[in-house]
Amino acid sequence: MKLILIIVSHDDSASVIQSLMKNGFSVTKLATTGGFLMKGNVTLLVGCDEDKVQNAIDIITEHSKSRTQIIPTSSPFYTGMYPSQPIEVTVGGATIFVLDVDRFEKV
Ligand code: 2BA
29 MKLILIIVSH DDSASVIQSL MKNGFSVTKL ATTGGFLMKG NVTLLVGCDE
79 DKVQNAIDII TEHSKSRTQI IPTSSPFYTG MYPSQPIEVT VGGATIFVLD
129 VDRFEKV
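Mapping the sequence shown onto this note's numbering, position 72 (from 1) lands on 100, and the numbers just tick up by one.
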């Protein structure tokens with residue numbers, strides 16, 4: 029068994045969750061915050077058999093869209109550095125970790 033950790037933007041989360049569940053995956057949603065933008069994002073926990081992992085990743089890919097965002101110079105990351113222009117970062121898409129599960133129990 030594998031545990032998939034998926035970090036997605038809040039905007040894409042409903043569509044990702046809906047599609048995963050429609051395809052038989054169990055999903056737990058956590059409200060999280062990205063360290064760079066300090067903006068809310070969503071982390072999903074999905075436990076599944078190893079042979080279903082690629083199917084989950086395909087679904088996540090289909091429903092997570094990359095977009096760019098301009099961040100102001102007042103971002104906490106830049107405190108003390110003061111770049112002269114706001115910078116553009118790519119947000120969205122999904123960051124995915126696939127972990128081995130030693131033991132899975134529901135009691
Ligand atoms: P944040 O840390 O808020 O990062 C949001 C986006 O800002 C990142 O998108 C990336 O495009 C940009 N970014 C992050 N750190 C940067 C830096 N030092 N310099 C310039 N640009 C930077 P993603 O890479 O798609 O990440 C989206 C969210 O996924 C992140 O939100 C974070 O919550 C999580 N994440 C990404 N990689 C991770 C990792 N290796 N470990 C844990 N969480 C991760």
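Cβ coordinates follow ideal geometry from the N, Cα and C atoms, glycine included.
Please read these numbers as outputs of a predicted model, since none were measured by experiment.
For this session: Counting only the same chain and skipping the five closest in sequence on each side, list residues whose C-beta sits under 8 Å from that of A122.
Result: I34, I35, V36, D40, V44, I88, T89, S92
For this session: Determine the closest residue to V119 out of H38, V81, M29, with distance taken between C-alpha atoms.
Result: H38
For this session: Please work out which residues of its chain come closer than 7 Å, Cβ to Cβ, to V129, disregarding the five sequence neighbours upstream and downstream, and give them in chain order.
Result: M29, K30, L31, G75
For this session: Starting from E116, follow its DSSP beta bridges and name the residues at the other end.
Result: I98
Exercise. How many Å lie between D86 and K80 at the Cα?
Worked result: 10 Å
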